Amino acid sequence: MTTWTQRGVIAVCVAFVAAGMLFVPRLGIEVDEAIVANGIYHHGDPWYSWKIAGAEVPVMLISYLGALKTWFYSGVFLFAAPRPIVLRLPMLLFAAASLWLFFELLDRTIGRRAAWIGMLLLATDTSYLLLNMADYGPVTLQFVFKLAALVLLVRFQQNTAN
Numbered sequence: 014m015t016t017w018t019q020r021g022v023i024a025v026c027v028a029f030v031a032a033g034m035l036f037v038p039r040l041g042i043e044v045d046e047a048i049v050a051n052g053i054y055h056h057g058d059p060w061y062s063w064k065i066a067g068a069e070v071p072v073m074l075i076s077y078l079g080a081l082k083t084w085f086y087s088g089v090f091l092f093a094a095p096r097p098i099v100l101r102l103p104m105l106l107f108a109a110a111s112l113w114l115f116f117e118l119l120d121r122t123i124g125r126r127a128a129w130i131g132m133l134l135l136a137t138d139t140s141y142l143l144l145n146m147a148d149y150g151p152v153t154l155q156f157v158f159k160l161a162a163l164v165l166l167v168r169f170q171q172n173t174a175n
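The opening position of the sequence shown corresponds to residue 14 in our numbering, with each subsequent residue numbered one higher.
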């Protein structure tokens, strides 16, 4: 990727985060968004957890939702108290990373023009922005991890084909 391409992708990611930040103080914290607290604070109990050295480590928050996001936010909450910006800014940054990964995936498989068009369409999709800004569960992490896995698989295939 050239320097100009990298700068352009960074500019789109920054604009995406800036657009998401416009909504952060305006929306209240939704129940699914706050469920990470069940594995962190004593007032809520995870659905399933392990006892390790006297500490409770949450594994499942509810029957269909794992605790990866809880593990992430338990580290974040050591440095900042829970409030809308602390809940939403990390997910916006992960969503911006997913834009970068989407560009990378399309660039490697289809071409640079398709990568620009695809990334710009995704970055300007208000549903995608709001879904990731007020992350209802592990959606944003799911996007990032799936795209990262696809980029790595494509990179592996292209490197072994040469």
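In this text, a Cβ means the ideal position worked out from N, Cα and C, and glycines have one as well. Keep in mind the model is a prediction, meaning the values are calculated, not measured.
### Task
For my contact list, R96 and M146 are in at a C-beta cut-off of 8 Å; report their separation, rounded to the angstrom.
With a Cβ gap of about 14 Å, R96 and M146 do not count as contacting.
### Task
Count the other C-beta atoms from every protein chain shown that fall within 10 angstroms of the C-beta of T83, then say buried if there are 16 or more, exposed otherwise.
buried
### Cβ shell of V164 (< 6 Å), same chain only, five flanking positions each side left out
L114, E117, L118
### Message
Is the separation between the beta-carbon of L105 and that of V22 shorter than 8 Å?
### Response
It is not a contact, given that the beta carbons lie outside the stated cut-off.
### Candidates N172, T173, R125, D120: closest to L160 by CA position
Scanning N172, T173, R125, D120 for the CA closest to the CA of L160 turns up D120.
### Classification of A93 by the beta-carbon crowding that lies within 10 angstroms, buried from 16 upward
exposed
### Task
Below 8 Å on the Cβ atoms is my guess for V152 versus L142; work out the distance and round it to an integer in Å.
That belief does not hold up - the Cβ atoms of V152 and L142 are roughly 12 Å apart, past 8 Å.
#### Entry: Three-state class that DSSP yields for N175 in the structure shown
coil
### Message
Just to confirm, is the Cβ distance from F107 to L154 under 8 Å?
### Response
yes
### Query
Between R126 and P71, what straight-line distance do the alpha-carbon atoms span, to the nearest angstrom?
44 Å
### Query
For F156, does the count of other Cβ atoms within 10 angstroms reach 16, so buried, or fall short, so exposed?
Within 10 angstroms of the beta-carbon of F156 lie 16 or more other beta-carbons, which makes it buried.
### Query
Are A98 and V37 close, meaning C-beta to C-beta below 8 Å?
Before going further, note that residue 98 is Ile rather than Ala in the sequence given. Contact: yes.
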